Structure formats: C-alpha cells, structure tokens
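Colleague: FYI, in this note's numbering the residues of the sequence shown are 54 to 373.
Sharing a structure here in structure tokens format.
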Amino acid sequence: MDFRFNFFPEEDEGTAPRSPKHEHEDDRLPEKKVCIKAAKEHYIPADVNRVLENKVLETVSGLYYVNMSVVELTCQDGTHEEDIVSKSVSSHSDLIPGVYEGGLKIWECTYDLMDFLSEAEIQFANKAVLDLGCGAGLLGIVALRGNAERVHFQDYNSTVIEEITMPNVVANCVNGSNKVDSEDDRKNTTPPSKRHKKSECLPDKLSKCRFFSGGWSEVSQLLLGSSKPCSKYDLILTSETIYNPDYYGALHDTLAQLLDKNGRVYLASKVHYFGVGGGTYLFEKFIEERKVFRSSIVKEVEEGLKRFVLEIAFKDSVYN
Ligand SMILES: C[S@@+](CC[C@H](N)C(=O)[O-])C[C@H]1O[C@@H](n2cnc3c(N)ncnc32)[C@H](O)[C@@H]1O
54 MDFRFNFFPE
64 EDEGTAPRSP
74 KHEHEDDRLP
84 EKKVCIKAAK
94 EHYIPADVNR
104 VLENKVLETV
114 SGLYYVNMSV
124 VELTCQDGTH
134 EEDIVSKSVS
144 SHSDLIPGVY
154 EGGLKIWECT
164 YDLMDFLSEA
174 EIQFANKAVL
184 DLGCGAGLLG
194 IVALRGNAER
204 VHFQDYNSTV
214 IEEITMPNVV
224 ANCVNGSNKV
234 DSEDDRKNTT
244 PPSKRHKKSE
254 CLPDKLSKCR
264 FFSGGWSEVS
274 QLLLGSSKPC
284 SKYDLILTSE
294 TIYNPDYYGA
304 LHDTLAQLLD
314 KNGRVYLASK
324 VHYFGVGGGT
334 YLFEKFIEER
344 KVFRSSIVKE
354 VEEGLKRFVL
364 EIAFKDSVYN
C-alpha cells in the first residue's frame, strides 16, 4: 500500500531521500507539542451489530478487517465532526499533523510486529495490553486472541476508533470468526466477503476491550486520572508511531506513565520517515537521552526501506 506524506509539498516527490525539514536540526532532539486533542472513551453499543452496519469485511493474516475504501466512502457524508477523510483526500496526505494521524490505513510495520509476536511466541494470557496508535487495531486483536486479560485501543482520531478499530474488534469477536481460513494470506485479493450478517458476539472477549481517542498525553491523563485509574500495562504494542519527532516527548512520557515496571513495549518502525524526519535511530537516541528506558532491536526487516522492531523496557526492570 502506498502512503502519502505531504508535509513539504514544494519538495520533489522522487525516490531520493528527502532531508527532514525540521525546525530543530541541531543535535538536541526536538520537543514541540503540536498534538493536543481531548481524550474520549468510546463505548461499544448495546446492539453490537450496529458497529458492523454498512461494513464490508475482508481478511488479512487470519484476521477480519473492514474494507477501508468503503469506510472512506461512507465517511464523506459530513456526519463525522473530524472530517478526516475529506481532509486527507484534499491534502493528498495520509498524515496531517494534529488533525489526522494515519489510522485509516494499515501500515506495513503492523505486519512486522505481528510476525515478531508470533516468531518470538510472546504470551498474552492474563496480560494487560495496550495497542497504542492502533489504527485498524490488528495488534490488539492478536493479543485478544491470545487470551489477554484486557486489551485497550488508542487512536488519535475518533473516526478511526468508531469506523475502523471497533468494527474490526467486533468482527473478530463474533461467533465463528475464529474460523478465518486465509492464514498468512497477506496479499489476499479475493473479493471482499458479503456485507456483515447479524451474528452472536462473544461477550467475554468484547468485555475485555476499551477504546480511546485523543492525543497521547490526554489519553494517559484520562486513564490514570479518573476515579478508577487503570492499572498499568504488561505489554504496549505500537506500530509506525515514531514518524514525527515533535511527538517524541508525549510518546515517551505516555509509555513511562502507562507501562508496568516490568512490562515491555514492542515498537515497530521504519528506519526513517522521509519528509517527516522521525525513525528508529532518532527515537532510540531520544530514549537514551531521557535515561528512563533501555531499548534493543529484536527484529530487522531488510526488504524495501529497512524496518525494525524495538523492545523497550524500564532501565531497572527485571530481565526476561
Ligand atoms: C501511521 S498511523 C499507524 C497506525 C497503525 N498503528 C498501523 O501500523 O497501521 C500512526 C498512529 O499513531 C497515532 N498517533 C500519532 N501521533 C499521535 C499523537 N500525538 N497522539 C496520539 N496518537 C497519535 C494515531 O492514532 C495513528 O493512527
């Protein structure tokens, strides 16, 4: 899938690496707060079938997900306050900082992280898991299938949570959804399955899930500041969330606030995001400077633009 970053439209769209035109190009890593968006919890409606109304389901890597082109079409009816589909179309960009952060697409590092979780046989049973910057939410759904005790999903955009994440979670929790038979069929081009038919939901699975939209700082405040603060997460899964160095402070602090003292973050990223400026090494450097976490590369993918999965843990956490 092609992704469009149109931060610097005056630049050549060629394949040569584009220098990140960043305000902070000295050695100090930038810390600019550009993303402030109120946090909100989204609840699954009592009639769960409503979540899948007008959705077309497809499968990838053995999981159901909603066809995003159909969602994009239905979201242009002006009923969504954020109006991110029209804004993304008119700006020719899959990222509009502080407005739309890319969650309507499934980004390729999601698959790297899914592969890693399976290869490394990461155990989810009885764990509290956060899919941070979830978009389609496939990572959280994998955790849910692995019998996680609870799985929380966060995306910047409420439209993404309501139109993509929640429908995907519901689609994978309905009776019979464990029978998706196209395991490992990532390039599944079979026609989308028919429109969703009414089905029985597995309430135990869905009751383990909560959904949040908003900026990272705001969501962590909501999670920790309420009258019944959430306990910390054993695992935080996050893919393609370090493209913009301006968000590193908020992301780092959110991880520090929400991760259990012996928990692990698995973060998948491209080595560099041309035109935006972030990437694996820059984030590792940021982490090192903050002296809170240690990080190590646990998976490298060489094909195309180099990609990595990082494992991040508190410096004083117990080694596995
Ligand atoms: C490029 S998308 C990746 C989506 C998904 N993880 C994937 O791999 O397909 C980046 C995600 O990070 C989240 N995000 C980015 N910056 C954010 C911020 N400052 N606050 C909250 N969420 C943010 C958005 O929710 C967005 O969906």
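Cβ atoms here follow ideal geometry from the backbone N, Cα and C, with glycine treated the same way.
Predicted, not measured: the structure shown is a model, and the values here were computed from it.
1) By the three-class DSSP mapping on this structure, what secondary structure does A173 have?
2) Between which two residues does the beta strand (DSSP E) harbouring K314 extend?
3) Could you pull out every residue in the same chain whose Cβ sits closer than 7 Å to the Cβ of H133, ignoring the five residues on either side in sequence?
4) With DSSP as the reference, label C187 as helix, strand or coil.
5) Using only the heavy atoms of ligand 1, determine whether one of them is closer than 7 Å to the beta carbon of I175.
6) Thinking N315 and V362 are a contact (beta carbons under 8 Å), I'd like their distance in whole angstroms, please.
7) Can you list, in chain order, every residue whose CB sits closer than 5 Å to a heavy atom of ligand 1?
8) Could you tell me which whole alpha helix (DSSP H) segments of length 4 or greater appear in the stretch 110-140?
9) State whether the stretch 297-313 contacts the stretch 257-272, with contact taken as three or more CB pairs (one from each stretch) at a distance under 8 Å.
10) Would you kindly check if the distance between the Cβ of F336 and the Cβ of S349 is under 8 Å?
11) So L288 packs on V182, CB below 8 Å; how close in whole Å?
12) Looking at C-beta atoms only, is the number of pairs between the stretch 118-138 and the stretch 168-188 that lie closer than 8 Å three or more?
13) Please report how far the alpha carbon of R360 lies from the alpha carbon of T294, in whole angstroms.
14) State the Cα-Cα distance for the pair G186 and M121, rounded to the nearest angstrom.
15) Helix, strand or coil: how does DSSP classify L157 here?
16) Could you compute how far the alpha carbon of A99 sits from the alpha carbon of L148?
Modeller: So, to answer that:
1) coil
2) 312-323
3) T212
4) coil
5) no
6) In fact, because the Cβ distance is near 19 Å, the residues do not count as touching under 8 Å.
7) C88, E154, G155, G156, I159, W160, T163, G186, G188, D208, Y209, G268, W269, S292, E293, T294, Y300
8) 121-127
9) yes
10) no
11) 5 Å
12) no
13) 13 Å
14) 17 Å
15) coil
16) 33 Å
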